[in-house]
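Heads up: the sequence shown begins at 1 in the working numbering, then just goes up one per residue.
Yeah, the Cβ is synthetic: ideal placement off N, Cα and C, and Gly gets one too.
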Amino acid sequence: PDAWYPTVQRAMQDLLPSAYDIWFADEQHPRVRRWRYSFANLARRCALWATEVGELQFSIPLREFLATVTEGHVKNHARALAILALDRIARLDIVTATRELDEAIPHLPANSVLGAVARAARARCRLLKGDPGQALKDVNRAWSQLSRDSRGGNLLAQHAQPDSRDYWMLVDLLMMRYELVRKHDRGLESQARRDLERAIDPSLVFGIRRVPALAFRGRLHHLVGDDDKARPLLLEMRKIAPKTLLERGGGPNGRMDVPTWRLIGLRTLQDVLDPTTDAALLEEIDAEVRALRPL
């Protein structure tokens with residue numbers, strides 16, 4: 001689709017002659033190793049695209065391949081396993097995801113974006129298994145370790161930019177932290193809310209990353225009981241309809257309009273709308289949620 005398809009097509013054309021040349025070569029031959037690297041890089045790019053547009057039935061096998069080819073390379077293998085686990089969680093394969101995260105996390109720096117996201121993902125697994133207390137401890141630890149060396153302002157912007165998927169995965173971490181704090185540690189509620197607002201609000205006033213920004217801001221308004229403010233933000237998010245895959249994804253022209261973020265907004269909107277006066281609209285939104293839900 002768009003510019004992505006010809007890029008992959010060219011990469012495949014470059015790989016095919018190499019595959020023929022190395023068919024009978026030794027596994028450790030430099031040409032074989034270069035070919036394996038190029039093929040893995042292509043798989044990585046395809047997996048990223050598949051994840052961004054919600055095609056997890058494609059991204060998970062590709063990421064399983066990447067986890068296999070990185071075995072023996074501790075850091076790369078840990079990264080591959082952690083990213084694979086994130087896609088598994090989206091499909092609620094919690095048992096496998098937990099096992100992969102347990103293997104990966106010891107090798108991921110706690111003050112890195114992926115390290116924090118992986119630790120928050122393990123917290124989400126604990127929450128889905130019915131252990132909110134441990135989930136809160138894990139997500140608080142993930143955030144404190146990431147922000148330990150940060151100073152002032154929007155701490156997330158010191159680790160990632162709003163035009164990146166990393167940024168919004170960290171916002172998702174903060175949202176989970178806030179929801180857990182509201183139920184289990186009210187003394188931290190105001191600080192958790194401020195951290196979340198600092199992360200979301202800059203993207204509400206400029207730029208094109210409005211789908212995740214509106215989804216998370218609308219959800220925050222709903223959680224604090226201000227549905228009058230939540231409703232227009234979530235309806236605005238729903239009206240944004242990118243026409244191309246490049247618009248849906250990231251990059252300089254992307255809107256980060258990927259199923260993960262849109263589902264957060266739509267599911268919150270289902271809770272905000274009135275089942276009597278908004279019955280027809282709710283039916284439309286129900287259909288949109290079913291279409292976006294991972295297979």
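So for residue i, helix, strand or coil by DSSP?
i: isoleucine 70; result: For clarity, residue 70 is threonine in the given sequence; the question names isoleucine instead. Note: threonine 70 maps to coil in three-state DSSP.
i: methionine 256; result: coil
i: proline 162; result: coil
i: leucine 92; result: coil
i: tryptophan 23; result: No answer about tryptophan 23 holds up, because its pLDDT of 49 lies below 50 and its placement is not dependable.
i: asparagine 140; result: helix
i: glycine 54; result: coil
i: arginine 79; result: helix
i: isoleucine 240; result: coil
i: arginine 209; result: coil
i: glycine 225; result: coil
i: arginine 290; result: helix
i: arginine 44; result: helix
i: leucine 108; result: coil
i: leucine 273; result: coil
i: aspartate 195; result: helix
i: alanine 279; result: helix
i: arginine 148; result: coil
i: glycine 130; result: coil
i: aspartate 201; result: coil
i: aspartate 185; result: coil
Going by the CB atoms, is the gap between residue j and residue i shorter than 8 Å?
i: alanine 110; j: alanine 123; result: no
i: arginine 238; j: leucine 269; result: yes
i: histidine 221; j: aspartate 271; result: no
i: alanine 120; j: leucine 101; result: no
i: arginine 217; j: aspartate 163; result: no
i: glutamate 64; j: leucine 84; result: yes
i: methionine 256; j: arginine 193; result: no
i: leucine 292; j: glycine 54; result: yes
Does the Cβ of residue i have 16 or more other Cβ atoms within 10 Å, making it buried, or fewer, making it exposed?
i: threonine 260; result: buried
i: glutamate 284; result: exposed
i: serine 59; result: buried
i: alanine 230; result: buried
i: serine 190; result: exposed
i: glutamate 179; result: buried
i: histidine 159; result: buried
i: aspartate 138; result: buried
i: arginine 148; result: exposed
i: valine 171; result: buried
i: valine 205; result: exposed
i: valine 211; result: buried
i: alanine 280; result: exposed
i: alanine 241; result: exposed
i: valine 95; result: exposed
i: serine 144; result: exposed
i: valine 181; result: buried
From this set, the options, which residue's C-alpha is nearest residue i's C-alpha?
i: alanine 80; options: Leu62, Asp93 and Ile89; result: Leu62
i: leucine 108; options: Asp131, Met256, Val95 and His77; result: His77
i: arginine 177; options: Thr68, Ala116 and Leu235; result: Ala116
i: aspartate 227; options: Arg262, Arg209, Asp274 and His159; result: Asp274
i: arginine 262; options: Val113, Leu86, Glu288 and His184; result: Glu288
i: leucine 234; options: Ala43, Gly265, Glu197 and Leu92; result: Gly265
i: alanine 90; options: Cys125, Leu114, Met256 and Ala279; result: Cys125
i: aspartate 131; options: Leu173, His184, Arg148 and Arg165; result: His184
i: alanine 142; options: Leu114, Val211 and Trp49; result: Leu114
i: serine 203; options: Tyr167, Ala82 and Leu282; result: Tyr167
i: asparagine 140; options: Pro106, Gln161, Leu128 and Leu188; result: Leu188
i: arginine 186; options: Met169, Arg219, Val224 and Gln161; result: Val224
i: glutamate 247; options: Trp49, Leu42 and Arg44; result: Trp49
i: methionine 169; options: Arg44, Ala43 and Ser112; result: Ser112
i: valine 74; options: Lys129, Pro106, Arg45 and Arg267; result: Pro106
i: arginine 267; options: Gln161, Leu282, Leu42 and Val258; result: Leu282
Tell me, to the nearest whole angstrom, how far the beta carbon of residue i is from that of residue j; I am working on the premise that it is less than 8 Å.
i: alanine 118; j: alanine 97; result: With 8 Å as the limit, alanine 118 and alanine 97 do not qualify as a contact, their Cβ atoms being about 10 Å apart.
i: alanine 40; j: leucine 66; result: 6 Å
i: leucine 214; j: glutamate 236; result: 6 Å
i: aspartate 93; j: threonine 51; result: The pair is not a contact, with the Cβ atoms about 15 Å apart (cut-off 8 Å).
i: leucine 156; j: alanine 199; result: 5 Å
i: leucine 174; j: aspartate 195; result: 6 Å
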